[in-house]
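Trainee: Per my numbering, the sequence shown starts with residue 11, numbered consecutively.
Got a structure here, written out as structure tokens. Questions coming.
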Amino acid sequence: MADYILIRKSRNIVSTILHIVLNILLGVGSIFLTAITGSFILGFLLVIVSKWRIFAVRPRYWLLNIKSSLVDLIVGFSFVLIAYCSGTAVRPIHFILAGLYTLWLIVLKPRSSSHANIAQSLTAMFLGTTAAVLLSATYDSSIIVLASLFIGWAATRHVLVQSDDNNFALVTFVCGLICAEIAWIFHSWLIVYSFGDTGIVIPQLSIILTVFAFAFARIYQSLIKNDGKLEKDEVMIPTIFSVLIILVVVVWFSNPSFHL
Numbered sequence: 011m012a013d014y015i016l017i018r019k020s021r022n023i024v025s026t027i028l029h030i031v032l033n034i035l036l037g038v039g040s041i042f043l044t045a046i047t048g049s050f051i052l053g054f055l056l057v058i059v060s061k062w063r064i065f066a067v068r069p070r071y072w073l074l075n076i077k078s079s080l081v082d083l084i085v086g087f088s089f090v091l092i093a094y095c096s097g098t099a100v101r102p103i104h105f106i107l108a109g110l111y112t113l114w115l116i117v118l119k120p121r122s123s124s125h126a127n128i129a130q131s132l133t134a135m136f137l138g139t140t141a142a143v144l145l146s147a148t149y150d151s152s153i154i155v156l157a158s159l160f161i162g163w164a165a166t167r168h169v170l171v172q173s174d175d176n177n178f179a180l181v182t183f184v185c186g187l188i189c190a191e192i193a194w195i196f197h198s199w200l201i202v203y204s205f206g207d208t209g210i211v212i213p214q215l216s217i218i219l220t221v222f223a224f225a226f227a228r229i230y231q232s233l234i235k236n237d238g239k240l241e242k243d244e245v246m247i248p249t250i251f252s253v254l255i256i257l258v259v260v261v262w263f264s265n266p267s268f269h270l
């Protein structure tokens with residue numbers, strides 16, 4: 011019996027180490043292959059291959075598995091697209107992206123608590139809209155509106171699917187529409203904050219949408235928790251914090267020198 015337990019522990023340790031190594035290879039490989047080749051295709055393929063479990067079941071479950079993996083796919087594709095938009099010359103941003111993607115895969119993605127779900131959704135919102143803004147500099151600006159609609163829907167669904175509310179379809183669609191409206195309002199005045207020669211760029215729109223998604227999630231969770239009643243003590247601080255952040259960003263950090 012003792013030998014059996016020892017073997018099981020050894021296998022678990024080996025499995026854990028292998029899991030970490032594969033995630034590191036995915037995080038580093040997807041970013042630097044994209045940078046070296048100057049194409050996002052190989053990076054996308056690595057992200058898709060890493061989700062092989064989606065299709066390892068009967069076809070009737072594929073759509074459900076895809077929906078449950080949308081946030082992870084958005085984050086993975088966004089990291090690759092941001093690396094693609096950062097150019098073919100290896101820069102500090104590529105090392106930062108590889109490190110952050112690896113942390114996502116190993117630390118944040120496996121967690122399933124309510125706070126982790128919100129953090130995962132906000133990460134998808136921020137990175138997804140960042141990638142959309144960067145792509146809009148080269149492609150059509152409608153990418154921002156459509157991407158914000160889809161990402162807002164997927165990020166909201168990721169949070170609400172874990173709640174006790176089974177009728178969240180309309181809420182997720184409404185949140186996606188609001189994100190698209192915000193993106194449409196800001197699409198003609200896209201502000202991007204850059205940080206020297208590091209290659210790091212943070213779109214103002216991504217900050218605003220992420221803060222909005224945070225406030226939306228906290229308010230809706232409070233409504234579900236209190237049977238549709240809004241408890242001021244639970245939503246006051248998150249709402250005030252979100253409004254102040256958006257006001258500060260829009261009023262004091264909208265210098266045209268950052269215009270994209």
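No residue lacks a Cβ here, since even glycine has one placed at the ideal position from N, Cα and C.
For threonine 166 versus valine 181, is the C-beta distance shorter than 8 Å?
Mentor: On the sequence shown, residue 166 is found 156 positions in, with the first residue counted as 1. On the sequence shown, residue 181 is found 171 positions in, with the first residue counted as 1. Closer than 8 Å, so yes.
Trainee: Is isoleucine 128 buried or exposed, if buried means 16 or more other CB atoms sit within 10 Å of its CB?
Mentor: Within the sequence shown, residue 128 is the residue found at index 118, counting from 1. Isoleucine 128 is buried by the Cβ-count criterion.
Trainee: Using beta-carbon positions only, say whether threonine 112 and glycine 37 come within less than 8 Å of one another.
Mentor: Taking the first residue of the sequence shown as 1, we reach residue 112 at position 102. Taking the first residue of the sequence shown as 1, we reach residue 37 at position 27. Yes.
Trainee: Kindly list the residues whose CB is nearer than 6 Å to the CB of phenylalanine 89, restricted to its own chain and excluding five residues on each side of it in sequence; keep chain order.
Mentor: Sequence index remark: in the sequence shown, residue 89 carries index 79 (1-based). Closer than 6 Å at the Cβ level, and outside the excluded window around phenylalanine 89, lie Leu107, Tyr111.
Trainee: Between the Cα of isoleucine 30 and the Cα atoms of Val117, Ala134, Val202, Ile256, which residue gives the shortest distance?
Mentor: Counted from its first residue, the sequence shown places residue 30 at position 20. Residue Val117 is the option with its Cα nearest to isoleucine 30.
Trainee: Evaluate the contact criterion for the region 72 to 80 versus the region 177 to 194: three or more CB pairs, one atom per stretch, below 8 Å.
Mentor: The region 72 to 80 is not in contact with the region 177 to 194.
Trainee: Assuming contact is defined by CB atoms lying nearer than 8 Å, are valine 57 and serine 40 in contact in what I supplied?
Mentor: Sequence index remark: in the sequence shown, residue 57 carries index 47 (1-based). Sequence index remark: in the sequence shown, residue 40 carries index 30 (1-based). A contact, by the Cβ cut-off of 8 Å.
Trainee: What did DSSP end up calling valine 171 once you bin it into helix, strand or coil?
Mentor: For the purposes of this step, residue 171 is taken as the residue at position 161 of the sequence shown. Reduced to three states, the DSSP call for valine 171 is coil.
Trainee: If you follow the beta strand (DSSP E) that isoleucine 212 is part of, which residue opens it and which one closes it?
Mentor: The count along the sequence shown starts at 1 and reaches residue 212 at position 202. From DSSP, the beta strand (DSSP E) with isoleucine 212 extends over 211 to 213.
Trainee: Among the residues of its own chain, which have a CB less than 6 Å from the CB of serine 204, if the five just before and after it don't count?
Mentor: Position 194 of the sequence shown, counted from the first residue, corresponds to residue 204. Within the same chain, serine 204 has close Cβ partners Val211.
Trainee: For the pair the region 190 to 205 and the region 223 to 233, tell me if three or more CB-CB distances fall below 8 Å.
Mentor: No, because fewer than three Cβ pairs between the region 190 to 205 and the region 223 to 233 fall closer than 8 Å, the two stretches do not touch.
Trainee: Helix, strand or coil for serine 204 per DSSP?
Mentor: By 1-based counting over the sequence shown, the position of residue 204 is 194. Here serine 204 sits in strand by DSSP.
Trainee: With DSSP as the reference, label proline 120 as helix, strand or coil.
Mentor: Here residue 120 corresponds to residue number 110 of the sequence shown, with the count starting at 1. Correct three-state label for proline 120: coil.
Trainee: How would you call histidine 125, buried or exposed, if buried means at least 16 neighbouring beta carbons within 10 angstroms?
Mentor: By 1-based counting over the sequence shown, the position of residue 125 is 115. Histidine 125 is exposed by the Cβ-count criterion.
Trainee: Measure how close the beta-carbons of leucine 132 and threonine 220 come, nearest whole angstrom, since I'm counting them as under 8 Å.
Mentor: If you number the sequence shown from 1, residue 132 lands on position 122. If you number the sequence shown from 1, residue 220 lands on position 210. Their Cβ separation, rounded to whole angstroms, is 5 Å, which keeps leucine 132 and threonine 220 in contact under 8 Å.
Trainee: When the Cα atoms are used, what is the spatial distance from valine 256 to isoleucine 51?
Mentor: The sequence position of residue 256 within the sequence shown is 246, counting from 1. The sequence position of residue 51 within the sequence shown is 41, counting from 1. Note that residue 256 is isoleucine in the sequence shown, not valine. Cα-Cα distance, rounded: 35 Å.
Trainee: Where do the N-terminal and C-terminal ends of the alpha helix (DSSP H) with valine 85 fall, by residue?
Mentor: To locate residue 85, count along the sequence shown from 1; it is residue 75. Valine 85 -> alpha helix (DSSP H) spans 80 to 95.
Trainee: I need the straight-line Cα distance from valine 261 to leucine 254, nearest angstrom please.
Mentor: Start at 1 with the first residue of the sequence shown, and residue 261 comes out as number 251. Start at 1 with the first residue of the sequence shown, and residue 254 comes out as number 244. Each residue's alpha carbon lies about 10 Å from the other.
Trainee: Measuring alpha carbon to alpha carbon, tell me which of Ser25, Phe42, Cys95 ends up nearest glycine 109.
Mentor: As a working mapping, residue 109 is identified with position 99 in the sequence shown. It is Phe42.
Trainee: Starting from serine 60, trace the alpha helix (DSSP H) in both directions and tell me its first and last residue.
Mentor: Reading the sequence shown from its first residue, position 50 is the one you call residue 60. First-last of the alpha helix (DSSP H) with serine 60: 51 to 60.
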